Amino acid sequence: MTEAKTVAVIGGGTGAGATTLLVALAMRAQAAGRRVCAVDADPCGGGLDVAFGIETGPGVRWEDLLGSDGPLDGARLAERLPGRDTRPGVLSFGRQWCTVPDELFDRTLEGLRDAHDLVLIDVGRHRATRATVAGHDELVLVARGTASGLAAAGATAQRIERLPSLVVRGAGAPSAREAAAALGMQLAAVLPTDRRLAIDAERGVPAGSRARSAYVGECDTLLRDLLLGEDVAA
């Protein structure tokens, strides 16, 4: 079995939309038949399960893994994750604060890689450092297409000391290309503003559920060109 590709998704500034993008990518990859897992690496994010609309569903969350040691059976864990029946499996923080030791995080991620085709990690801007993104196959930095948003993205890239692929939200393609060039990054996608995403989120409908939208089209292109390297449109 081929080990999964791991992709760290990082927000370059407040409200960049990194979590929304991660959810949409996970949903679209699953719709295309891939085995997908989304991993919450931001204990202050409120729980990645909320973004998938499965926060009340049963399943293993990070706090349930605390204290475990030894090799982790990724396939068994995958079967116990929230969302597994209808959505990508999600390993999320719950509503209680907890600290996941680096050793446990790395061991868990290694196990999940063995059981999936694609593992997406929601890093969280304040946890994005050189150490926390090391070892991932791809880094995707999401930025708002504003002066302050792009400046924050540049600062985040300096902090992680590795040039990620840049996704710009809410800017025209020419402006996004100029911004990427100025920051010395590869422009991976330009995401249009989609007001339905916020409405869907309030209703527990995850991003990427609508098969036909400009936003989803960009997500499919990003998956094909950067993450999976083949046609993923379902």
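Numbering (our numbering), first residue to last: 3 to 236. By construction, the Cβ of each residue, glycine as well, lies at the ideal position given by its N, Cα and C atoms. Quick caveat: nothing in here was measured; it's all calculated off a predicted structure.
Exercise. When the distance is taken between beta carbons, is residue 221 closer than 8 Å to residue 210?
Worked result: Yes, the Cβ-Cβ distance between residue 210 and residue 221 is below 8 Å.
For this session: For the stretch 26 to 37 and the stretch 107 to 126, state whether three or more C-beta atom pairs, one from each stretch, are separated by less than 8 Å.
Result: The stretch 26 to 37, when compared against the stretch 107 to 126, does touch it at the 8 Å Cβ threshold.
Problem set entry | Helix, strand or coil at residue 196 [DSSP, three-state] | Residue 196: coil per DSSP, three-state reduction.
Problem set entry | N-terminal and C-terminal residue of the alpha helix (DSSP H) that residue 6 is part of | Residue 6 -> no alpha helix (DSSP H), and no H or E assigned at all.
Problem set entry | Minimum C-alpha distance to residue 1 - residue among 180, 198, 201 and 186 | Since the first residue of the chain shown is 3 and the last is 236, residue 1 is not available in this structure.
For this session: With a 10 Å radius around its C-beta and 16 neighbouring C-beta atoms as the bar for buried, classify residue 99 as buried or exposed.
Result: By the Cβ neighbour-count rule, residue 99 is exposed, with fewer than 16 other Cβ atoms within 10 Å of its own.
Exercise. At which residue ranges does the stretch 116 to 153 contain complete alpha helix (DSSP H) runs of 4 or more residues, listed in the order of the chain?
Worked result: Annotation: the stretch 116 to 153 contains the following complete segments of the alpha helix (DSSP H) (minimum length 4 residues), in chain order: 132 to 135.
Exercise. Of all the beta strand (DSSP E) runs that stay within the bounds of the stretch 13 to 62, which reach a length of 3 or more residues?
Worked result: Unbroken beta strand (DSSP E) stretches of 3 residues or longer found wholly inside the stretch 13 to 62: 38 to 42, given in chain order.
Problem set entry | Beta-carbon separation (whole angstroms), residue 110 vs residue 67, contact threshold 8 Å | 6 Å between Cβ atoms; contact.
Exercise. Which runs of the alpha helix (DSSP H), 4 residues or longer, sit entirely within the stretch 162 to 235?
Worked result: You should have 175 to 185, 198 to 204 and 216 to 224.
Exercise. Hey, quick one: how far does the alpha helix (DSSP H) through residue 79 stretch, first residue to last?
Worked result: Per DSSP, residue 79 is one residue of the alpha helix (DSSP H) stretching across 76 to 81.
Problem set entry | Cβ neighbours of residue 165 in the same chain (closer than 6 Å, five flanking residues each side left out) | Non-local C-beta neighbours of residue 165 in its own chain, meaning closer than 6 Å and more than five positions away in sequence, comprise 187, ordered along the chain.
Exercise. Where does residue 91 fall in DSSP's three states?
Worked result: Strand, per DSSP.
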